[in-house]
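Count along the sequence shown from 1, then add 313; that gives the number in our numbering. Heads up, the beta-carbon is just placed ideally off N, CA and C, and yes, glycines get one too. Since the structure is predicted, the reported quantities are computational estimates derived from the model, not experimental observations. Reading through the structure tokens given below for one structure.
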Amino acid sequence: MIKPIQTIISLIVIAWLSSSAMCTKVVTYAKDYQTDSIDHSYSSNTAIALRQSQRALESLGYEISRVDETRFNIITGWLPTKSDSHYMPLFKRRDYSANAGAYYKLVVSISTDANKIKVSVHTIIKAISGKLKSSYVLENKFLKRLDNFMRSPQIEMTNVGVKER
């Protein structure tokens, strides 16, 4: 009578030990997904736009991972996603819970567009849950800060609006 009980208990222990070992094995890897970019145009040159973009990122608390002065790109380090920064489109709704455990980095690209400088920003997301989309909260926050840094020190204000001198 004791032998069958010992056998059952030992089988349960062996099953438990083998199943707990399975949970620590790598089953899947996160993939990188690039979001669409948004941009602003400025009356400036690329060197100033690059310097002010770096300043704006640092003032927002981003660690700069790489600055490419020949291609005019800035890439930040990886950070965990914010609760409202990225989502998964699910049944025509935005599911913000899917971004748990995901990481992102900002990529700023500067190019010339006619007689203006175009600053584009997008995120690269590393996620297991699938392709996440950006709500553009982080990108807009960066561009608003950059707008402040790129504004001319001399402005002219009229009833029509504000012009830079």
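{"Check": "Taking DSSP as the reference, what is the three-state secondary structure of S433?", "Outcome": "strand"}
{"Check": "Do you know how far the Cα of K338 is from the Cα of T425?", "Outcome": "48 angstroms"}
{"Check": "What residue range does the alpha helix (DSSP H) around K454 cover?", "Outcome": "450-463"}
{"Check": "Pull up the DSSP beta-bridge partners for A440, would you.", "Outcome": "K344"}
{"Check": "Under the criterion of a Cβ to heavy atom distance below 8 angstroms, does I361 qualify as lining the ligand ATP?", "Outcome": "For the ligand ATP, the structure offers nothing, since it holds no ligand at all."}
{"Check": "What residue from K446, S433, S357, Y416 has the CA that sits closest to K439's CA?", "Outcome": "Y416"}
{"Check": "In chain order, what residues of the same chain have a beta carbon less than 7 angstroms from the beta carbon of Q311, not counting five sequence neighbours either side?", "Outcome": "Residue 311 is absent from the structure shown; the chain starts at 314 and stops at 478."}
{"Check": "Are the CB atoms of S447 and T348 within a distance shorter than 9 angstroms?", "Outcome": "yes"}
{"Check": "Using CA coordinates, which residue listed in I441, P402, S396 is at the minimum distance from V340?", "Outcome": "I441"}
{"Check": "The alpha helix (DSSP H) spanning T389 covers which residue range?", "Outcome": "Segment 386-389 is the beta strand (DSSP E) holding T389; no alpha helix (DSSP H) there."}
{"Check": "Grab me the residues of V421's own chain with a C-beta within less than 6 angstroms of its C-beta, minus the 5 sequence neighbours each way, in chain order.", "Outcome": "S366, I387, V434"}
{"Check": "Where DSSP assigns a beta bridge to D426, which residues make up the other side?", "Outcome": "K429"}
{"Check": "D397 to K418, Cα distance in whole Å?", "Outcome": "15 angstroms"}
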